[in-house]
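So the mapping is simple: the numbering used here equals the position in the sequence shown, first residue as 1, plus 85.
Beta carbons are placed, not taken as given, at the ideal position from N, Cα and C, and that holds for glycine.
Presented below is the structure to which this report refers.
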Amino acid sequence: MMELDQRRKRRRDEARASTSDPEDQRDQQLLQELEARLRRVQAAKQLVREQLAEVNADAKRIEAIERKEQSRQDQEANRLTRIQLLQAQEAKRQEEAAVRRRQADETRQQQEAAERERQARTVQVRSDAELENLEAFLAEDSAFI
86 MMELDQRRKR RRDEARASTS DPEDQRDQQL LQELEARLRR VQAAKQLVRE
136 QLAEVNADAK RIEAIERKEQ SRQDQEANRL TRIQLLQAQE AKRQEEAAVR
186 RRQADETRQQ QEAAERERQA RTVQVRSDAE LENLEAFLAE DSAFI
């Protein structure tokens, strides 16, 4: 590309030197100005391409950062959900244990009450038997007297 530009410039210079016509000189000057503008436009286009590449690279980095942050937030939300689930499971386990303890206490109290009642009946039966024996003894004793 540079070689081509140099050849063109050389030809222009040669053409300029060989021509002395004022109109040709104006055309040559206009051509040089247009070529200079073209080079400036091409340089500006290249600068825009480079800046666009930088912007695209920045956008990709930002997207990667946003994805990483979203992933971190998702992991944190999942962690909190797992904690809440474990807490709910623990609360349920504790409630079930409390129910089992209450049922065991009620069963134990019922068994103790039944045992006391059985013992009271046993004592009552013994007392009744002893009373009958005593009455029989007294009846025999008073019959003997």
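Whole-angstrom C-beta distance between Q113 and R97, which should lie under 8 Å: Translated into positions along the sequence shown, residue 97 becomes position 12. Translated into positions along the sequence shown, residue 113 becomes position 28. Between Q113 and R97 the Cβ distance is about 6 Å, and since that is below 8 Å, they are a contact.
How is the alpha helix (DSSP H) around D226 delimited, first residue to last? What you label residue 226 is simply residue 141 of the sequence shown in a count that begins at 1. Counting along the chain, the alpha helix (DSSP H) containing D226 begins and ends at 107-229.
Euclidean distance between Cα positions of L119 and V126: Looking up residue 119 in the sequence shown gives position 34. Looking up residue 126 in the sequence shown gives position 41. If you draw a straight line from the Cα of L119 to the Cα of V126, it is about 10 Å long.
Have a look at K153 and A128 and give me their C-alpha separation to the nearest angstrom. Mapped onto the sequence shown, residue 153 falls at position 68. Mapped onto the sequence shown, residue 128 falls at position 43. One Cα belongs to K153, the other to A128, and the distance between them is close to 37 Å.
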